[in-house]
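A.B. asks:
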Amino acid sequence: LAKTTQPISMDSYEGQEVNITCSHNNIATNDYITWYQQFPSQGPRFIIQGYKTKVTNEVASLFIPADRKSSTLSLPRVSLSDTAVYYCLVDAGRRALTFGSGTRLQVQP
Amino acid sequence: EAGVAQSPRYKIIEKRQSVAFWCNPISGHATLYWYQQILGQGPKLLIQFQNNGVVDDSQLPKDRFSAERLKGVDSTLKIQPAKLEDSAVYLCASSLVSVSTDTQYFGPGTRLTVL
Numbered sequence: 001l002a003k004t005t006q007p008i009s010m011d012s013y014e015g016q017e018v019n020i021t022c023s024h025n026n027i028a029t030n031d032y033i034t035w036y037q038q039f040p041s042q043g044p045r046f047i048i049q050g051y052k053t054k055v056t057n058e059v060a061s062l063f064i065p066a067d068r069k070s071s072t073l074s075l076p077r078v079s080l081s082d083t084a085v086y087y088c089l090v091d092a093g094r095r096a097l098t099f100g101s102g103t104r105l106q107v108q109p
Numbered sequence: 001e002a003g004v005a006q007s008p009r010y011k012i013i014e015k016r017q018s019v020a021f022w023c024n025p026i027s028g029h030a031t032l033y034w035y036q037q038i039l040g041q042g043p044k045l046l047i048q049f050q051n052n053g054v055v056d057d058s059q060l061p062k063d064r065f066s067a068e069r070l071k072g073v074d075s076t077l078k079i080q081p082a083k084l085e086d087s088a089v090y091l092c093a094s095s096l097v098s099v100s101t102d103t104q105y106f107g108p109g110t111r112l113t114v115l
């Protein structure tokens with residue numbers, strides 16, 4: 001099972017772009033990379049998922065290099081409401097999600 | 001579309017007491033998960049159901065925890081007797097199918113405090 005490593009915390013200011021990088025050196029061929037967001041007192045919420053190259057949706061972009069040993073979640077122009085914990089997950093062939101400790105993003109005004 | 005419902009939202013009990021949590025998944029979702037989230041950590045899977053059958057309960061402390069999903073819809077998670085280390089948020093999630101690439105939808109959780 002691929003293990004992920006991501007920064008414990010990050011700070012940013014409103015309007016900035018935030019990039020959170022996740023390392024997953026042991027990713028398997030059939031693994032997908034998924035990011036979830038969790039606000040205090042709420043359950044995690046799906047943000048984005050990808051397998052390779054770049055994926056973009058209305059919330060974020062996910063960049064995955066060719067070797068797939070890392071991935072970067074990019075949040076454009078963050079606001080105070082983006083303050084949350086962001087989890088990077090790598091799973092395939094398993095039905096449930098394996099969460100690490102996540103990255104705590106604090107957005108300042 | 002209604003989300004995953006959980007109740008109660010908060011529960012305070014004393015150690016050695018019993019407690020039960022309830023979850024109603026999104027309509028039509030075959031797979032239901034219970035996670036335990038200790039403060040400062042990511043959620044940890046306790047048990048996964050596919051319809052009303054157990055798929056994975058390898059991390060469920062079966063000496064004190066039990067769960068059921070009768071009729072393949074609602075689910076209850078019970079702890080008996082509770083220990084101090086059971087203080088956590090218990091999250092229920094559901095998904096349409098049971099592959100890891102399928103989006104899981106989480107409920108708000110039940111915050112349990114064991115005194």
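Heads up: the sequence lines are chains A and B, in that order.
Just so we're aligned: 102 in this note's numbering is position 102 of the first sequence, and the numbers increase by one with no gaps anywhere.
Just so we're aligned: 22 in this note's numbering is position 22 of the second sequence, and the numbers increase by one with no gaps anywhere.
Positions of the beta carbon are idealized from the N, C-alpha and C atoms, including for glycine.
Sorted by chain position, which residues of the same chain lie with C-beta nearer than 6 Å to leucine 89(A)'s C-beta, five sequence neighbours on each side aside?
C.D. replies: Here residue 89(A) corresponds to residue number 89 of the first sequence, with the count starting at 1. For leucine 89(A), where only same-chain residues beyond five positions count, the Cβ hits under 6 Å are Thr34, Leu97.
A.B. asks: Pull the bridge partners of phenylalanine 99(A) from the DSSP assignment, please.
C.D. replies: The sequence position of residue 99(A) within the first sequence is 99, counting from 1. Partner(s): none; phenylalanine 99(A) has no beta bridge.
A.B. asks: Measure from the alpha carbon of threonine 29(A) to the alpha carbon of each residue in Leu73(A), Tyr51(A), Val78(A), then state which is nearest.
C.D. replies: Taking the first residue of the first sequence as 1, we reach residue 29(A) at position 29. Scanning Leu73(A), Tyr51(A), Val78(A) for the CA closest to the CA of threonine 29(A) turns up Tyr51(A).
A.B. asks: So that I know if they touch, is there some Cβ in chain A lying closer than 8 Å to that of glutamine 36(B)?
C.D. replies: Against the second sequence, residue 36(B) aligns to sequence position 36. No, no contact with chain A.
A.B. asks: With DSSP as the reference, please indicate the residues paired to arginine 104(A) in a beta bridge.
C.D. replies: On the first sequence, position 104 is the one that residue 104(A) refers to. DSSP output for arginine 104(A) lists Ser9(A), Val85(A) as bridge partner(s).
A.B. asks: Three or more C-beta pairs under 8 Å: does that hold for the segment 76-94 of chain B against the segment 15-30 of chain B?
C.D. replies: Yes: at least three Cβ pairs fall under 8 Å.
A.B. asks: With distance defined between alpha-carbon atoms, name the residue in Asn26(A), Ala66(A), Gln6(A), Tyr36(A) nearest to alanine 84(A).
C.D. replies: In the first sequence, counting from the first residue as 1, residue 84(A) sits at position 84. It is Tyr36(A).
A.B. asks: Give me the subset of the segment 27-48 of chain A whose CB atoms are less than 9 Å from a CB atom of chain B, sorted by chain position.
C.D. replies: Asp31, Tyr32, Thr34, Tyr36, Gln38, Ser41, Gln42, Gly43, Pro44, Arg45, Phe46
A.B. asks: To the nearest angstrom, how far is it from the Cα of glycine 65(B) to the Cα of tyrosine 33(B)?
C.D. replies: If you number the second sequence from 1, residue 65(B) lands on position 65. If you number the second sequence from 1, residue 33(B) lands on position 33. Reading off the sequence shown, one finds phenylalanine at residue 65(B), where the question assumed glycine. In a straight line, the C-alpha of phenylalanine 65(B) is about 14 Å away from that of tyrosine 33(B).
A.B. asks: Please give the ranges of any beta strand (DSSP E) in the segment 11-63 of chain A, keeping only runs that are unbroken, at least 3 residues long and fully inside the region.
C.D. replies: 18-23, 32-38, 45-50, 53-56
A.B. asks: Rounded to whole angstroms, how far is the Cβ of glycine 100(A) from the Cβ of tyrosine 86(A), which I believe are closer than 8 Å?
C.D. replies: On the first sequence, residue 100(A) is found 100 positions in, with the first residue counted as 1. On the first sequence, residue 86(A) is found 86 positions in, with the first residue counted as 1. Going by Cβ atoms, the distance from glycine 100(A) to tyrosine 86(A) rounds to 11 Å, so no, they are not a contact pair.
A.B. asks: Under the three-state reduction of DSSP, which class applies to glycine 72(B): helix, strand or coil?
C.D. replies: Within the second sequence, residue 72(B) is the residue found at index 72, counting from 1. In the structure shown, glycine 72(B) sits in a helix (DSSP, three-state: H, G or I).
A.B. asks: So does isoleucine 27(A) have its beta carbon nearer than 7 Å to some heavy atom of the ligand GDP?
C.D. replies: This structure simply doesn't include the ligand GDP, nor any ligand for that matter.
A.B. asks: Starting from tyrosine 87(A), find everything on chain B with Cβ-Cβ shorter than 9 Å and list it in chain order.
C.D. replies: Here residue 87(A) corresponds to residue number 87 of the first sequence, with the count starting at 1. Near tyrosine 87(A) (Cβ distances below 9 Å), the residues of chain B are Gly42, Pro43.
A.B. asks: Alpha carbon to alpha carbon, how far is arginine 37(B) from cysteine 23(B)?
C.D. replies: Against the second sequence, residue 37(B) aligns to sequence position 37. Against the second sequence, residue 23(B) aligns to sequence position 23. Here the sequence assigns glutamine to residue 37(B), which means arginine is not the residue at that position. Rounded to whole angstroms, glutamine 37(B) to cysteine 23(B) spans 16 Å at the Cα level.
A.B. asks: Give the range of the beta strand (DSSP E) segment to which leucine 80(A) is assigned.
C.D. replies: Within the first sequence, the letter at position 80 stands for residue 80(A). For leucine 80(A), there is no enclosing beta strand (DSSP E), since its DSSP letter is neither H nor E.
A.B. asks: Looking at the strands, I want to know which residues DSSP matches up with threonine 31(B).
C.D. replies: Residue numbering aside, residue 31(B) sits at position 31 when the second sequence is read from its first letter. Bridge partners of threonine 31(B): Gln50(B), Ser95(B).
A.B. asks: Per DSSP, which one or two residues make a beta bridge with valine 4(B)?
C.D. replies: Mapped onto the second sequence, residue 4(B) falls at position 4. In the DSSP output, where bridge partners are listed per residue, valine 4(B) has none listed.
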